[in-house]
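Novice: Residue numbers (this note's numbering), protein chains in the order written: chain F, 37 to 392; chain W, 37 to 392; chain Z, 37 to 392; chain C, 37 to 392. Cβ atoms here follow ideal geometry from the backbone N, Cα and C, with glycine treated the same way. The structure displayed is predicted, hence computed values, not measured ones.
(1) List the residues that DSSP assigns as beta-bridge partners of residue 145 of chain C.
(2) Which same chain residues end up closer than 7 Å to residue 370 of chain F when comparing Cβ atoms and leaving out the 5 residues on each side of it in sequence?
(3) With DSSP run on the structure shown, which of helix, strand or coil describes residue 113 of chain Z?
(4) Please confirm if residue 59 of chain W has its CB atom under 8 Å from at least one CB of chain F.
(5) Starting from the beta carbon of residue 128 of chain Z, find every residue of chain C whose beta carbon is closer than 8 Å, and list them in chain order.
(6) Counting only Cβ pairs nearer than 7 Å, list the residues of chain W close to residue 156 of chain Z.
(7) What residues in the segment 247-270 of chain W have a beta carbon less than 8 Å from any beta carbon of chain F?
(8) Measuring CA to CA, which of Z:234, Z:149, Z:112 and Z:179 is closest to residue 136 of chain Z?
(9) Need the endpoints of the alpha helix (DSSP H) that residue 238 of chain C sits in, please.
(10) Closer than 8 Å, CB to CB, is residue 37 of chain W near chain C or not?
(11) In angstroms, rounded to a whole number, what distance separates the CA positions of residue 345 of chain W and residue 239 of chain Z?
(12) Return yes when the Cβ of residue 49 of chain F is within less than 8 Å of the Cβ of residue 59 of chain W, no when it is not.
(13) Relative to the C-alpha of residue 56 of chain C, which residue among Z:89, Z:116 and Z:255 is closest?
(14) Would you say residue 399 of chain Z faces chain W, with C-beta separation under 8 Å as the test?
(15) At a CB-CB cut-off below 9 Å, which residues of chain F make contact with residue 318 of chain Z?
(16) Could you tell me the distance, in whole angstroms, from the CA atom of residue 384 of chain C to the CA atom of residue 261 of chain C?
(17) Which residues in the same chain have their Cβ closer than 8 Å to the Cβ of residue 382 of chain F, if we skip the five residues on either side of it in sequence?
(18) Strictly below 8 Å CB to CB, what residues from chain F border residue 290 of chain C?
(19) Give me the Cβ distance between residue 305 of chain Z and residue 276 of chain Z, rounded to the nearest whole Å; I'm assuming they're in contact under 8 Å.
(20) Short check: CB of residue 51 of chain W to CB of residue 145 of chain F, under 8 Å?
(21) Can you check DSSP and say which residues form a bridge with residue 279 of chain Z?
(22) Since residue 100 of chain Z meets chain W, which of its residues come closer than 7 Å, beta carbon to beta carbon?
(23) Measure the CB-CB distance between residue 343 of chain C and residue 307 of chain C and report whether it falls below 8 Å.
(24) Name the chain Z residues whose beta carbon is nearer than 9 Å to that of residue 360 of chain C?
(25) Do the segment 321-339 of chain W and the segment 68-84 of chain W touch if we need at least three Cβ pairs shorter than 8 Å?
(26) Determine which residues of the segment 156-176 of chain F have a Cβ less than 9 Å from any Cβ of chain W, and write them out in chain order.
(27) Relative to chain W, which residues along the segment 181-202 of chain Z have a C-beta separation below 8 Å, given in chain order?
(28) May I ask you to verify whether the segment 345-355 of chain W touches the segment 186-199 of chain Z, counting CB pairs closer than 8 Å and requiring at least 3?
(29) Would you mind reading off the limits of the beta strand (DSSP E) that contains residue 357 of chain Z?
(30) Sort C:321, C:319, C:103 and C:292 by Cα distance to residue 309 of chain C and report the nearest one.
(31) Leaving aside the five residues before and after residue 160 of chain Z along the sequence, list all residues of the same chain whose C-beta is less than 7 Å from its C-beta, in chain order.
(32) At a cut-off of 7 Å, is residue 301 of chain F close to the ligand SAH when judged by its beta-carbon and the heavy atoms of the ligand?
(33) Let me know the secondary structure DSSP gives residue 256 of chain Z once reduced to three states.
(34) Could you pull the start and end residues of the alpha helix (DSSP H) that residue 218 of chain W belongs to?
(35) My output table needs one value for residue 348 of chain W: the three-state DSSP class, helix, strand or coil.
(36) Using a Cβ-Cβ cut-off of less than 8 Å, list which residues of the segment 280-306 of chain Z approach chain W; keep chain order.
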């Protein structure tokens, strides 16, 4: 019989009566699993892949693109770091800048995407889609960045991870609500935070301003490249949870060709890949590129279809579900504290390269 | 002070530590509410608006577009009808056709969107994105449609609601799993199901086939227009939960201009509007058109911003959340049984029109 | 050498200096062809496939979804019919209703998508994204539809193609600018226009209104199914240019399963397929479904990759380019005048079916 | 009369018979202008705004995001620089890296987005959606980057613009086809090219590799911030043509808050804004953020609606049209040669800041 061909091996879809009392996060995931279709199905795969990453001691990278911290996603991310299930972070600068408001207890408000921007301008309010920030929130954050940066003493250029670690540590000393901040939390748990574009945010702009006066703090993006690649090189298995695409996605993905294409070190690519995005493959850009395309670049291991998934969804909807699922499962890994291992890891990478 | 202008009246966004044990559906919604941003924020608004519709005894229409029943969404919809919180349905024909498979206990399988379609063709499997259906599932469903249609005796054209009610009733007699079917459940609870395009599905194709032999069953879409408009006219308040856009969205929205523009009966538009869609306004089509645009057409009442929302999301992710929330709340309205009131309502509409 | 594997057989991409004087439509297409990448590349494929369809005497269907006629696309479509390169049309009702304004010389204005809809409502203007229509344009069109429908004498239900042909013919008698109208032009050249959802537009609503008074004109969608399938059955080769997706796409695609799945007549699917859409496959719906998925349904012939293309683009950008290219090529086919062949074709289909 | 309210002041839309012989780029733009609707309408606005920018001597920035140079868009960009209508560029690193292949006459091929990536991997071919690059193209480009970087002598960190200028100049000496390269062309015409993320591409990776051996070339992103802001500060009027969004869009937009928010220098925002994107506002990110949202940030001047436009379209379709239009118009501005003015402009900015 033709249908015995092996194509019909997954479960039947059945529109069963859903549970309607005391529905918990597992019931919801079970519902999605029972359908398995479209992005509801992908959401379950993302949960399962994340779970597998945790259980197989994969070094997990979280990437952040889009205006996510202003939307309050930090609460989840902090828990993920604390539980040892996110080992390092790659973020746009803007997500890190807006993260500071919360640590400094400066207000960020729910707003309305239909607001009149000329009126907002008159009222000293800036808008991120449907989020309103009083100008004072920005200006006070700027002052904090400048003050902290002035106290960062170094004789040589540093990676952005060093800067972010320093700022995070200062938040514990000077911030009113450091527990709200992913930069502070990352510093506490030695989770390195890289940004591919250190000049491309108000943090970068404040550093640039200092440069015009007295303080010359240089972020050397090559160090970010090397530190991030060193983490990948020194990990048994690697995988990412990508919230959005953008430069952070590219920066994570390129760690593999850095090894194989540039350094001529034998690698086959990352082991796991989860992306939540509203982009699409057919526009051709890297943000929407499929895990399959990444296989050709040795960015993702071949023949591992089941370890890769793209959930086409707004991050603010999908991420809380996945994170709630993971946290509810009670995972608790020993912290990798990769920030402290940077130099050791870079030495090993250096050694490997010297033998190529 | 400028910021006292009234723009900053919504809650502050705070990245609080999320609950990570025993997370239930209300916790999840609370999390989204705490952010309020982007489509996570819209999801909460959708929950709240649906809740308001139920509490204010609004006549609630559910519209279905896209291949939703094959994905198994029927389980939720059946409960919504049973609990009296969905009063009538407008659906594409395809959603109704594929609903039949479940009632007939014919298999629909989880599949893979990356499958080789030429191979599937060889193996007599048809694909809906990542859902696989054996050809036999289609062919047996076709036979059922033809058999049932032959027993539908009528001297005059009927509305699609009549046909769907008849099929639904037959499913309780001849189907193995009628409880899986929205068409069967709708018949049980006298929930009318309209389709704007009765010829545009395998149900329509099977009727067309019968026409070539001996059985001439005519669906008169004008009757669908009149019956649906009569429901709106005879309702105190009206609102919709639109899953996708397409013809069903248009068919629901046009009930208002049918009254105001075509019949010259004074109306201002629907009271409530929820849409889940992956479309966007800037392509210009009705599927992605905003509730605001609908105001200009008297399709939606003006100045009621808070009663309207579009959630930009895959229905298979967002709908289970909204529906779980609503069902968990334990709402239980007296069934409106609109199917039985069709003729009474049309008489009243006729009377009103005769007096214009 | 590995690269001799056959993967690198298409042209090299070279960023040559573009022509910058007297650039004509062929230069533009050449530019896209020189790149071949992303949707610019798809646009060229669409031009080539359309060209092949014309040269191989394919029966070409044009489908219309989204609010295209209000945007003025009719001018191109009229030429395509006149030149015999579009043989029949499947359209949403709304596109046909709004087409009437132009024939009746009723104004449709360029507007602004940022307009205040409550203000527009007060000013009796309805909005389609960035198009403004005075209410009078609708009301006068409604009167015309009612007046014409009253003069349509028939003893039995008709297909929508019959209705549209009748209206089109009347436009030549009573319309001020029939040459602007695709319905009028289609009537002139005997191009059948089907709608899958005859009740789902102001045309349908006006017919429904007449039903409330004195005039009972019934559109039998089964006839639309049979007439459209008969065209496919009686054509050597078939193909479509799909502007958008929606019910018209489904209605066209289902003509093949109507033959193979429902009537048990051996077919393998359409020969050619062009779609311009802003939808995407990963939402699971038919609007965004790939030609590949259609292969599993016998909607499109297998192993004919090069005859199918999806251009991800707003129709208002891509269609004028493709149509300008085709028209500039000077194609001029003998008109098929399929409207006149409906009954002959249906007889042949009946015969075929009687022998299954 | 209500309709005299001023809302109906734009032209009527009329589906006129299009020109079908000798259609040139102006005919095509005229057609779009005649419709004015949806993204076809936006395309005309983009042409007009670009034209205005040129005529009013606006300093024009071009931003590049997504994999555009591999698709061959460089040919147009080179002409725009030569004609003096693009004054500086902000690009992702990947676009600059892939630009090098063409200058070095290394092959980039048209491919197929449906290719089997595991097979491509076996055949040493990497894929960018539907573009195929032999691994050798990458490896030879890497060698060139390393060779050139080793000859770049500097005692202090430099901006990315300096690096790109140096590479561009070297391409004229050592490249086989420098005329194909935007980096070479930019160097020739002293058009500065900034990248917000110098480590985030194979250029950055090659520099990082050199750092592991003997060559320490540091890109200081703060210098990029200052040089780009200095250009804005020293320009009478400013505007951008944004191809895609991403970090380059953010980097351009932030030049204004750098002045107003960070440096406390009075500005109101950019004068003109054109973006071509497939993103959407409702996902909340900066890539899809509207010009209106930018007004609240003082990134774009308020009350200048007509000077801003977003074209929702694949860049590979829309950009060649806009660029062909602009080039065909024969504009020829005196080159601004901003690269040479960097230090002078930064001095002036420094002076201004010292007086705040």
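Specialist: Taking the geometry as given:
(1) Z:48 and C:168
(2) 120
(3) helix
(4) By this cut-off, residue 59 of chain W is an interface position.
(5) Within chain C, no residue comes near residue 128 of chain Z; the closest Cβ sits about 16 Å away, beyond 8 Å.
(6) Those are 332, listed as they occur along chain W.
(7) none
(8) A check of alpha carbon separations from residue 136 of chain Z across Z:234, Z:149, Z:112 and Z:179 identifies Z:179 as the nearest.
(9) 238-248
(10) Any reading at residue 37 of chain W must be qualified, since the residue scores a pLDDT of 42, below 50, and its modelled position is unreliable; the value itself is stated next. By this cut-off, residue 37 of chain W is not an interface position.
(11) 29 Å
(12) no
(13) Z:116
(14) With chain Z represented from 37 up to 392, any question about residue 399 of chain Z goes unanswered, as that position is not in the structure.
(15) 74, 75, 78, 316, 317, 346 and 348
(16) 15 Å
(17) Within the same chain, Cβ atoms closer than 8 Å to the Cβ of residue 382 of chain F are found at 262, 263 and 266, the five residues on either side in sequence being excluded.
(18) For residue 290 of chain C, the chain F residues whose C-beta falls within less than 8 Å of its own C-beta are 236, 237, 238 and 241, listed in chain order.
(19) At roughly 12 Å, the Cβ-Cβ gap does not stay under 8 Å, so residue 305 of chain Z and residue 276 of chain Z are not in contact.
(20) no
(21) DSSP output for residue 279 of chain Z lists Z:100 and Z:312 as bridge partner(s).
(22) Under the 7 Å cutoff, chain W gives no residues; its nearest Cβ is about 11 Å from residue 100 of chain Z.
(23) yes
(24) The answer, in chain order, is 54, 55, 56, 59, 63, 64 and 67.
(25) no
(26) 156, 158, 159, 160, 161, 164, 165, 166, 167, 168, 170, 171 and 172
(27) 193
(28) In short, these stretches do not touch, since the Cβ pair count stays below three.
(29) That residue, residue 357 of chain Z, is in no beta strand (DSSP E); its alpha helix (DSSP H) goes 351-364.
(30) C:292
(31) 170 and 171
(32) In the structure shown, the ligand SAH is absent, as is every other ligand, since no ligand is present at all.
(33) strand
(34) 218-224
(35) strand
(36) Residues of the segment 280-306 of chain Z with a C-beta less than 8 Å from any C-beta of chain W: 280, 282, 283, 286, 287, 290, 293, 294, 297, 298 and 299, listed in chain order.
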